[in-house]
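See below for the structure under consideration.
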Amino acid sequence: MAGPSDDRLPHLRWSDTPEVSEPVLLVAFGGWNDAGDAASTAIDYLIDEWDAQEFVDIDPEEFFDFTTTRPEVRIDLGGTRQIEWPSNIFHAGHVPDSDIDVVLMSGIEPQLRWRTFCEHVIGVATAVNARLVVTLGALLAEVPHSRPVSVFGTAYDEATVNALEVLPSRYEGPTGITGVLHAACREAGIRSAALWAAVPTYVPNATSPKAALALVQRTARLIGTDIEATDLKFATDSYEHQVSQLVAEDDETTEYVAQLEKRFDEEPESFTDGESLVDEVERFLRDQD
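Under the working numbering, the first residue of the sequence shown is numbered 2, with each subsequent residue one higher.
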């Protein structure tokens, strides 16, 4: 059965009507806000873990420059060539052994018409009566891969800051699609928050299951549940081992990482203090401009 129809949101393609009650909407975009693919890995893991099912997506035609984010050709099991377009897909699910419903959006940051795009995201949030929107992101920072991942949260109004025990966002400067989405949430009267994980600057192109695991665990705590994430823990052990091997091959990197580890051990608050991490995010966002 198709979902709600709204002529003002023509680019939503409903395939089902989810049975959820006041869900939390979790959002992750690959690209600009996703160092080490940590946020997209985390959201995909949660979709699988909570057996969330697709119910609507956003037609990419109006929102992407396909010369920048190109579609990809795939060959299916029958040998037929298929084109996969950039996707922004919503899945609905339920957290086992709880009364928590979730909607998870896995997507790619679009290049075009951000305000209209966010109106469509808000349209889905409104249709499912979402009580909270949480975006997941990851940034490159001067942190060691061999120590716990720093994760912090920010929110955009005092009530949400107090309710979720996160920091107020005071950032001014260039922003990505998540910043525009949070503004749209505020205008729509929907509470929103952001979670960020730190990924080492010296392995910028490696997928970081360790940062993804930290985001998964922090997300679970924020919405009032917990999650074992055994697969991500195994992947984290392998990631740490592989990065340590790479670091050992270069004397300068070895020395740099040793300095980060020493600083972490002697001044852990400099890596875990929320205000310091907010400063890291602000520098990261400005450097992307």
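C-beta atoms are modelled at their ideal positions from N, C-alpha and C, and glycine is treated no differently.
Source: prediction; values computed, not measured.
For residue i: DSSP bridge partner residues
i: A93; result: Q54, V104
i: A199; result: L140
i: W86; result: Its beta-bridge partners do not exist; DSSP assigns none.
i: A184; result: Answer is none; A184 lacks a bridge partner.
i: D35; result: A139
i: E73; result: E85
i: A194; result: V135, A156
i: P169; result: A156
i: I109; result: G31
i: I59; result: L13
Residue i CB to nearest heavy atom of the ligand MN below 7 Å
i: E229; result: No copy of the ligand MN occurs in the structure displayed, which carries no ligand at all.
Residues near residue i in its chain [Cβ-Cβ closer than 8 Å; skip 5 each side]
i: A249; result: T255
i: E1; result: With the chain covering only 2 through 290, there is no way to say anything about residue 1.
i: S193; result: L133, V134, V135, T136, A156, Y157, T161, L182, H183, C186, R187
i: S22; result: D102, N130
Cβ neighbour criterion (16 or more within 10 Å) applied to residue i
i: R75; result: exposed
i: G80; result: exposed
i: G174; result: exposed
i: Q218; result: buried
i: E229; result: exposed
i: M2; result: A caution first: M2 carries a pLDDT of 39, below 50, which makes its placement in the model unreliable, though a value can still be read off. Exposed, because fewer than 16 other Cβ atoms sit within 10 Å of the Cβ of M2.
i: S239; result: exposed
i: G94; result: buried
i: T237; result: buried
i: P19; result: buried
i: I123; result: buried
i: N34; result: buried
i: S41; result: buried
Extent of the continuous alpha helix (DSSP H) run through residue i
i: G124; result: 115–128
i: V217; result: 210–224
i: E20; result: Counting along the chain, E20 falls outside any alpha helix (DSSP H), and DSSP gives it neither H nor E.
i: T231; result: 231–249
i: F265; result: 252–267
Span of the beta strand (DSSP E) around residue i
i: A29; result: 25–31
i: G154; result: 152–156
i: F13; result: As written in the sequence, residue 13 is Leu, which differs from the Phe given in the question. From DSSP, the beta strand (DSSP E) with L13 extends over 13–15.
Sequence-distant residues of the same chain with beta carbon closer than 7 Å to residue i, five excluded per side
i: W115; result: I178, V181
i: G32; result: I109, E110
i: K234; result: L214
i: V167; result: G154, T155, A156, A194
i: R9; result: none
Other residues of its chain near residue i: CB distance less than 6 Å, five sequence neighbours each side excluded
i: I90; result: E55, D58, S107
i: A221; result: D227, I228
i: T70; result: P87
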